Every structure is written in structure tokens, then in C-alpha cells.
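Add 5 to the 1-based position in the sequence shown for my numbering, that's all there is to it. Structure first, commentary second.
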Amino acid sequence: MTSAGDEAAESEVADGITDEAIADGGADTALNLRFLVNAAAEVKDKSQRDSSLLSVLRSCRTELEDAKRESDAATKRFEELKHVYNLATQVLSGYTPIEERAAASKLKAPYESENGSAKRARVKQELDTNVLDMVMKEPPVEEVPIPTNVVIMPNPVSMAINMPPEVVDQHREAFYQKLVNCSVADLPNFTPSANSANLKSKAQLAEWIYIASNWNTGADGLDAGAFRSKYKTWYSRMKPVTVNLGRRTGIHLRNIEEDGNTLTVLCRHSKDGTKSLPYLPIDTLFDALFEIHTVELSHRGRDATKNLADERYANIPDAQVRYFIDTCPICLARKGHGRDVHGL
């Protein structure tokens with residue numbers, strides 16, 4: 006039997022499990038709730054035990070609702086900070102004039118009368134309307150004159166000394182299989198990765214030409230700022246206007262005559278800024294290297310081939326030269342790794 010003392014103790018325990026008692030838990034609310042559930046489980050009187058557990062359940066629901074609100078607020082804050090972070094990376098991708106930096110710094114001025122949420126909303130709005138405009142402005146840098154050298158585009162090749170058409174075709178097939186694991190027959194439908202700076206299809210280069218042609222004017226119903234915003238990743242990678250000339254910088258367009266037609270070619274400056282070096286579509290890389298290595302240099306080594314390729318073209322790195330020479334039947338025969346094609 007349950008003694009009167011035990012009943013009094015249980016009643017005291019049950020009475021202590023109230024919403025107010027639970028609310029006093031502070032940072033250890035979950036721990037306190039667990040303790041109270043265990044305490045309620047020890048209460049023998051069913052009505053008192055159920056009442057105590059219901060109090061715990063009400064408190065749990067309240068805590069869960071509070072946690073959900075805090076989670077939503079944290080998610081919103083995360084998205085706002087992510088937005089600001091992205092804007093900052095855009096600013097860093099280009100040059101911002103000093104006077105505009107000063108204007109942007111005013112966004113940091115304290116507003117004593119604002120509370121935290123109002124200030125965050127104001128700063129976010131000002132960043133949206135001001136900083137993004139600064140990012141999309143063309144940096145006022147020194148103009149780089151477009152070179153006037155003759156731009157050389159490769160001609161289709163089908164044969165050479167000691168290399169009849171069938172041998173050239175075999176070499177072409179082996180080169181593209183090694184370069185991109187694609188047959189010559191499938192090459193018109195092959196699209197290199199957008200992240201590849203040196204392998205581009207004709208369609209990809211045509212898009213780059215379109216962007217460069219309309220960078221200062223806009224197109225498709227977009228003004229210059231909106232157009233640049235749409236293609237800002239291309240700008241940050243290619244840097245079409247800059248005096249810091251290098252491998253992927255100083256992008257410009259040249260018009261050349263080919264078979265009686267005017268052809269627009271995407272070029273970059275040579276590192277000394279004196280030449281326009283054209284970007285080649287992937288289906289002409291073999292022809293360019295064949296002219297250099299096979300026809301002009303008579304199968305000299307990789308360094309000689311790479312040096313001449315660098316003087317003419319924008320996107321022939323070491324790997325392409327190595328793949329071409331590694332699949333060249335004449336070079337393989339000289340090294341004893343292939344059949345002798347001389348005399349065919």
C-alpha cells in the first residue's frame with residue numbers, strides 16, 4: 006500500500022512539473038524536460054502522472070516552435086550573407102575606381118536610430134542597387150591597341166611528303182581519339198567542357214565572339230549593364246579589356262579575308278602585346294599542328310613545334326602538341342614504335 010507520505014511526495018513532485026518550472030530551464034531546457042519526464046514516470050497516481058507529462062508535452066511544443074522560428078531566421082540570415090558574399094566576389098573580379106570605393110564605403114556608416122533588422126534590410130537594398138552597378142561597369146583602364154599582324158588560320162590538310170592521304174587520315178583519327186576520345190566522324194557533334202579554356206567548338210567560339218561584339222552596347226533587348234551581368238562569368242575569366250596582358254587576357258576581335266569572305270575571329274594578345282593570336286575551334290587543331298610540325302618543321306621535336314604554335318595561335322598548350330607528336334606515324338617509325346611509312 007502507498008503511504009500518505011509517499012502520496013504527498015508524489016504530489017509534490019507532480020506539482021513541481023509546471024510550465025513555469027520548465028520555462029526556467031534556460032539553455033538547458035531539453036535536459037530539464039528529460040529529467041521531468043523521468044520524474045513523472047515515477048509518480049504512481051495516474052492522473053497526476055498524466056497531468057505532469059502533458060505539461061512536459063506543452064513545453065516541448067513551445068520549444069519546438071521557438072526553435073523553428075530561430076531556424077528560419079538563421080536561414081534567412083544565411084541567404085542574405087551569401088548574397089553579400091557573392092557581390093563581394095564580383096567586385097573582386099574587376100577593378101573598382103577609387104571614387105566608387107569611397108561611395109561604397111558610405112554603406113558602412115552607422116545609423117544609430119536603426120535597429121539590427123532595419124539596418125540589415127537597408128544595407129542589403131543599397132548593395133543590390135549600388136554595388137552591383139559598380140561591378141557591371143566597364144573599368145576605366147588604358148586602351149590596348151589592336152595589333153595589325155597578319156592572322157594565320159590553318160588550311161585543311163590531306164597529305165605531305167611520305168604521308169599519303171590514308172596515313173594522314175589515320176594520324177588525324179589517332180590524334181582526336183587521344184585528345185578527347187572522339188572519332189573524326191563524331192567531331193562535328195562533340196562539345197568540349199565549358200570549363201576547358203583551350204578546347205572549344207565552333208559554336209562555343211561563335212558565342213564568345215557574340216559576347217565580345219556586344220559587350221559595350223548590349224543585345225537582345227538588354228542594355229550594356231544587363232548584358233554584362235548576364236555574361237559576367239565570361240568577363241571575369243577572359244578579362245576582355247586589360248593592360249595586364251597574358252595567356253587569356255587582352256581579348257579582341259579581328260576581321261580577316263578568307264575565300265573572298267570576311268571572317269570575324271576571336272583573338273587574344275601575345276604576351277608582349279604585339280600580335281593577335283586567334284583561338285582555333287577543335288576541328289582545326291590537327292590541321293594547325295600538321296602545318297607546323299609536319300610541313301614546316303619536318304617532324305622536329307616538341308619544343309620547336311610548341312614555340313611556333315605559340316607564335317601563331319592562342320589555345321595550343323603542351324598537351325595538344327604532345328598528343329600530336331605521340332600519334333605522328335613518321336615520329337613513331339623513327340623511334341621504332343610504329344611501321345615505316347616512307348616510300349608508301
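Heads up, the beta-carbon is just placed ideally off N, CA and C, and yes, glycines get one too. What you are looking at is a predicted structure, and each value in this text was computed from that prediction instead of being measured.
C-alpha distance - residue i paired with residue j, whole-angstrom precision
i	j	result
Trp220	Thr34	59 Å
Lys235	Trp213	13 Å
Ile321	Val156	15 Å
Gly255	His274	5 Å
Pro170	Phe232	47 Å
Ser163	Pro286	18 Å
Asp174	Ile151	37 Å
Glu68	Asp77	14 Å
His257	Glu75	52 Å
Ala211	Ala314	22 Å
Asp50	Leu36	24 Å
Lys207	Glu70	57 Å
Pro334	Val189	17 Å
Asn203	Asn167	31 Å
Asp277	His298	24 Å
Pro193	Ala199	16 Å
Ser60	Gly230	60 Å
Asp228	Thr222	7 Å
Trp239	Lys340	43 Å
Pro197	Leu86	35 Å
Thr153	Thr269	14 Å
Ala165	Val300	7 Å
His304	Ala224	47 Å
Arg307	Asp323	8 Å
Cys365	Arg317	Within the shown structure, residues of the chain are numbered from 6 to 349, placing residue 365 beyond reach of any answer.
Arg66	Ser201	53 Å
Arg177	Tyr215	30 Å
Lys73	Lys237	37 Å
One or two residues paired with residue i in a DSSP bridge
i	result
Asn260	Thr269
Ala309	The partner list for Ala309 (beta bridge, DSSP) is empty, contrary to what the question assumes.
Pro322	Answer is none; Pro322 lacks a bridge partner.
His274	Ser281
Ala293	Bridge partners of Ala293: none, in fact.
CB of residue i within 8 Å of CB of residue j, strictly
i	j	result
Phe83	Phe180	no
Glu296	Pro159	yes
Lys183	Tyr328	yes
Arg54	Val48	yes
Tyr284	Ala338	no
Inter-residue CB distance, residue i and residue j (contact presumed, cutoff 8 Å)
i	j	result
Ala217	Leu271	7 Å
Val326	Leu282	With a Cβ gap of about 15 Å, Val326 and Leu282 do not count as contacting.
Ser64	Ala45	In fact, because the Cβ distance is near 12 Å, the residues do not count as touching under 8 Å.
Item to check | Ranges of the alpha helix (DSSP H) found wholly within the segment 203 to 237, counting only runs of at least 4 | outcome: You should have 207 to 219, 229 to 235.
Next on the checklist: Give the list of continuous alpha helix (DSSP H) stretches no shorter than 4 residues that lie fully inside the segment 163 to 191.
Outcome noted: 170 to 185
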